[in-house]
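Visitor:
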Amino acid sequence: MGNFETHQRAGKKYGVIALIVATAIAFQWNGELSAALLVGLTAGAYGFVASLLPDIDHQDSIPRRKAGKLLSVVILVAIVLLPAIAPDFTKGLGRLAIMIGIGTDPLVVGSGVLLLVGAGLLFTGGNIFDRATTHRGFTHSLGFAFCLSLVAFFSLRYVGSIDPSLGTLSSELGVLVALATAGGVVVHLYVDQ
Ligand SMILES: [Zn+2]
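So that you can map any letter, position 8 of the sequence shown is -2 in the working numbering, and since no number is skipped, the others follow by simple counting.
#1: Counting beta carbon pairs with one atom in the stretch 72 to 81 and one in the stretch 93 to 109, are three or more of them shorter than 8 Å?
#2: Got a sec: does ligand 1 put a non-hydrogen atom nearer than 7 Å to the Cβ of D78?
#3: Nearest-angstrom Cα distance between G232 and I10?
#4: With a CB to CB cut of under 6 Å and the five nearest residues on each side skipped, what residues in its chain are close to F38?
#5: Could you check if Y36 is buried or exposed, using at least 16 other CB atoms within 10 Å of its CB as the buried criterion?
#6: Between L166 and A16, is the Cβ-Cβ spacing less than 8 Å?
#7: Given a cut-off of 8 Å, decide if A14 and V29 are closer than it, judged by their beta-carbon atoms.
#8: Compute every distance between the C-beta of P44 and the non-hydrogen atoms of ligand 1, then say whether any falls below 7 Å.
#9: Return yes when the Cβ of V175 is within less than 8 Å of the Cβ of S62, no when it is not.
#10: Going by CA-CA distance only, name the one from D47, L146, L179 and Q183 that's closest to A33.
#11: What residue does the alpha helix (DSSP H) around E(-5) start on, and which one ends it?
#12: Given C137, which residues of its chain have a CB within under 7 Å of its CB, disregarding the five upstream and five downstream residues?
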């Protein structure tokens, strides 16, 4: 497992990569450099913070099995409800898949991606990395990465609603921040290996 400094170093590197990749994709999507940079910077910052978050479970007393079950339920509910309550999120996922040449309709493709991710997470119990890590809190799982990415996405909506100048973040572009957040958790799990 990595100590705090190791995680911080990996998180910073990852944050910079997330910033560059998210800015590039956002620019391709909406063609506005300032908006793309805002998305990129947010993705980098969220990714960095997410790469440090899993270790909050050191003092966690929630029994692991219970938390795992709860995550499974959250994932199932998210798969069923997201296309309806967060079409932007689903469409954003779809647009990413379309960029690599899969399908044509963002909402349909996005729903498919969501289904695949959910099935994968449930199939693996959301814990691909878990056996390899030394501390085994539920925050050290891919299920946590998935849930945190949703939290990140909805937090952007909230940010956009209090400051309209940040409204760009509460669109399909928010998906880039959500994915950067999930990636941050994955980077943490990788360092812990
Ligand atoms: Zn850790």
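No residue lacks a Cβ here, since even glycine has one placed at the ideal position from N, Cα and C.
It should be emphasised that the depicted structure is a prediction, and the values quoted were computed from it without experimental measurement.
Guide: Based on what the coordinates show:
#1: yes
#2: no
#3: A question about residue 232 goes unanswered here, because the residues of the chain that appear run from -9 up to 183.
#4: G1 and G5
#5: buried
#6: yes
#7: no
#8: yes
#9: no
#10: L146
#11: F(-6) to N20
#12: L61 and V64
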